[in-house]
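Asker: Below you will find the structure I want to go over with you.
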Amino acid sequence: MLEMYREKLAKKMKLNERSVVHYATCDSPADHAGFLRKRVERHHHHHHHTTSYHRRWFILKGNLLFYFEDRDSREPLGLVVLEGCTVELCESAEEFAFAIHFEDAGAKAYVLVADCHVAMEAWVKALSRASFDYMRLVVKELERQLEDARKSLAACHKSPRKLSSGRKRHLSNPALPPVQEKPPILENGYSTWGSSCTPAGASCCDQDGGFSKPPPLPPRRRSAGGSLYIAPTSGLSLTLQESPVSPETACFSKLHHWYGQEIAEVRREWLESKKSGEL
Amino acid sequence: MRYSERELLSLSRQPAEKAAEILMRLPKKGSVLKKRLVKLVVNFLFYFRTDEAEPIGALLLEHCRIAKEEVNVFSISFIEEPDRKYCFECDSEEQCQEWVEALRRASYEFMRRSLIFYRNEIQKMTGKDPLEQYGISEEARFQLGTHKQ
């Protein structure tokens, strides 16, 4: 009997806990946070029918829900992996209760209680959208939309002359680094903007003001001909047709490469036209 | 920190982005390379003994660095302990490269940044926020950087 117990203990699945704790407690933005009461699940010897709740501080980051003893605790008490689960309002004596249920019947459900209706709704919404698959769906949808937008812009771009003036305007300051429009080099939260390697989150994104601003656009891009990405030359219009963006593939690295190529091409042409005295 | 093995176990049984038998070495001193079944599911990398159905461990792939080491070898390390490396030796340079690319794209945070990038680009091209039609423009999840609790 003791053997079996020991064996069971020995087999606990390892997790890179230190890193997970770091992820939970670092400055990277949370998708939602707040106090919730968590129902205590009693397994065996308590046969009485009263249930109890513990008030915990919850933080949602991506598909992970962490709970802390208190708001200023240094380490989470626990983690819930929000994959393969559904979030539903609860039939409960408690008002504002909802539950996280797993498709795997063996995985125990969590019953959580919010302080008010608004908080409950916000949590249910946030948790319902927390799965990796949901995020993936939205990304694929936007990839598709981006390709559509690019195609329709390419189809209606005006004469080369008009667009080259837009290009000139953008490149009027040759001191601009050619990779300014480049999307960030991304690596699992080690987001590097060129060389420096800083912790992921708000801090590193601030290095590139243009990208870190949420929509709407920075002023200088509001031009009729518009975008650096629609090039007037035939060389580049060929590139446009073979857009790497397609709904079938997760091709962000290709997109990144494609932008880099495009910028290199535009820059080369600018340098050539400068040489031939056209500017 | 408490976590449910059951949740991880059922996740490990989901269809994988990528799976292969690879030699793996833990960052612990004196560790040797051992053949493991390595399986990438969402932002977790599970590793199994090759003849077992349940993983012996899982790595959450957030705030990590995937680095190419010597020939056929790549490593995973985490931001708060950059010298502590999980090493993986592949059968070929090609396989190694494939894993490096797949693992770099595996984090939730990477996906979030891709989404924000696309959102921005579409906005620039069309003047419209593509998330508006789905009623999710204001979701914290889709904003960049400044949302803190």
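So the protein sequences, as listed, match chains A and B. Taking the UniProt record's numbering, the leading residue of the first sequence gets 1, the next gets one more, and so forth. Taking the UniProt record's numbering, the leading residue of the second sequence gets 1, the next gets one more, and so forth. Note that CB positions come from ideal geometry on N, CA and C, so glycine has one too.
Name the chain A residues whose beta carbon is nearer than 7 Å to that of phenylalanine 48 of chain B?
Answerer: Neighbours of phenylalanine 48 of chain B on chain A: none; closest Cβ ~10 Å, over 7 Å.
Asker: Going straight from the alpha carbon of asparagine 72 of chain B to that of cysteine 156 of chain A, what length do you get?
Answerer: Roughly 47 Å separates the two Cα atoms.
Asker: Based on Cα-Cα distance, which residue from A/Asp31, A/Tyr110, A/Leu64 and A/Ser131 lies nearest to arginine 141 of chain B?
Answerer: Comparing Cα-Cα distances from arginine 141 of chain B to each of A/Asp31, A/Tyr110, A/Leu64 and A/Ser131, the minimum goes to A/Asp31.
Asker: What is the DSSP secondary structure of isoleucine 56 of chain B, reduced to helix, strand or coil?
Answerer: It is coil, neither helix nor strand.
Asker: Enumerate in chain order the residues of its own chain whose CB-to-CB distance from alanine 114 of chain A is below 7 Å, with the five nearest sequence positions on each side excluded.
Answerer: Once the five neighbours on either side are set aside, the close Cβ partners of alanine 114 of chain A are Leu36, Phe96, Met120 and Trp123.
Asker: Does any C-beta atom of chain A lie closer than 9 Å to the C-beta of isoleucine 22 of chain B?
Answerer: Answer no: the Cβ-Cβ gap between isoleucine 22 of chain B and chain A never drops below 9 Å.
Asker: Would cysteine 87 of chain B pass as an interface residue toward chain A - the criterion being a Cβ-Cβ separation below 9 Å?
Answerer: False, the Cβ-Cβ gap to chain A never drops below 9 Å.
Asker: Since alanine 149 of chain A meets chain B, which of its residues come closer than 7 Å, beta carbon to beta carbon?
Answerer: Going along chain B in sequence order, the residues near alanine 149 of chain A (Cβ under 7 Å) are Ile122, Met125 and Thr126.
Asker: Our contact map puts lysine 68 of chain B next to valine 100 of chain B with C-beta atoms below 8 Å; I'd like the distance itself, whole angstroms only.
Answerer: Sure, about 6 Å apart at Cβ, within 8 Å.
Asker: Does arginine 129 of chain A get closer than 9 Å to chain B when you measure Cβ to Cβ?
Answerer: Yes, because at least one Cβ of chain B sits closer than 9 Å to the Cβ of arginine 129 of chain A.
Asker: Distance, Cα to Cα, glutamate 62 of chain B vs tryptophan 57 of chain A?
Answerer: Those two C-alpha atoms are separated by around 21 Å.
Asker: In chain B, which residues lie less than 7 Å from residue 282 of chain A when you measure between Cβ atoms?
Answerer: This structure gives no information on residue 282 of chain A, because the portion of chain A shown stretches from 1 to 279.
Asker: Could you please give me the residues that DSSP links to leucine 36 of chain A through a beta bridge?
Answerer: DSSP, once it has assigned bridges, lists A/Arg56 as partnering leucine 36 of chain A.
Asker: Measuring alpha carbon to alpha carbon, tell me which of A/Glu41, A/Phe98, A/Tyr134 and A/Lys125 ends up nearest glycine 84 of chain A.
Answerer: Ranking the options by Cα distance to glycine 84 of chain A, first place goes to A/Tyr134.
Asker: For tyrosine 108 of chain B, I'd like the list of residues in its chain whose CB is within less than 7 Å of its CB, leaving aside the five on either flank, ordered along the chain.
Answerer: For tyrosine 108 of chain B, where only same-chain residues beyond five positions count, the Cβ hits under 7 Å are Asn43 and Glu62.
Asker: Can you tell me whether glutamine 145 of chain A is buried or exposed? The criterion is at least 16 other CB atoms within 10 Å of its CB, across all chains shown.
Answerer: The residue is buried, with at least 16 neighbouring Cβ atoms inside 10 Å.
Asker: Within 10 Å of its beta-carbon, does tyrosine 134 of chain B have 16 or more other beta-carbons around it, so buried, or fewer, so exposed?
Answerer: By the 10 Å Cβ count, tyrosine 134 of chain B comes out exposed.
Asker: Check the Cβ of leucine 60 of chain B against every Cβ in chain C and list those closer than 8 Å, keeping chain order.
Answerer: Reference to chain C is not applicable here, since the protein chains of this structure are A and B.
Asker: Please classify glutamine 143 of chain B: does DSSP put it in a helix, a strand, or coil?
Answerer: Looking at glutamine 143 of chain B - three-state DSSP - the assignment turns out to be coil, as it is neither helix nor strand.
Asker: Mapping DSSP to helix, strand and coil, what is glutamate 138 of chain B?
Answerer: Residue state, collapsed to three classes: coil.
Asker: With DSSP collapsed to three states, give me the class of valine 42 of chain B.
Answerer: In this structure, valine 42 of chain B counts as coil in the three-state DSSP scheme.
Asker: Tell me which residue opens and which closes the beta strand (DSSP E) that glutamate 89 of chain B is part of.
Answerer: That run of the beta strand (DSSP E) goes 81–89.
Asker: So isoleucine 22 of chain B and valine 38 of chain B are supposed to be a Cβ contact under 8 Å. How far apart are they, rounded?
Answerer: Going by Cβ atoms, the distance from isoleucine 22 of chain B to valine 38 of chain B rounds to 5 Å, so yes, they are a contact pair.
Asker: Count the other C-beta atoms from every protein chain shown that fall within 10 angstroms of the C-beta of glycine 30 of chain B, then say buried if there are 16 or more, exposed otherwise.
Answerer: Label assigned to glycine 30 of chain B: exposed.
Asker: Quick check: the Cα distance between arginine 268 of chain A and lysine 151 of chain A, rounded to an integer number of angstroms?
Answerer: Arginine 268 of chain A and lysine 151 of chain A: Cα-Cα distance of roughly 24 Å.
Asker: Does the beta carbon of alanine 114 of chain A sit closer than 9 Å to a beta carbon anywhere in chain B?
Answerer: False, the Cβ-Cβ gap to chain B never drops below 9 Å.
Asker: Rounded to the nearest angstrom, how far is the Cβ of serine 77 of chain B from that of lysine 85 of chain B, given a contact under 8 Å?
Answerer: Confirmed, about 5 Å.
Asker: Are the C-beta of arginine 119 of chain B and some C-beta of chain A separated by less than 9 Å?
Answerer: With 9 Å as the cut-off, arginine 119 of chain B counts as an interface residue toward chain A.
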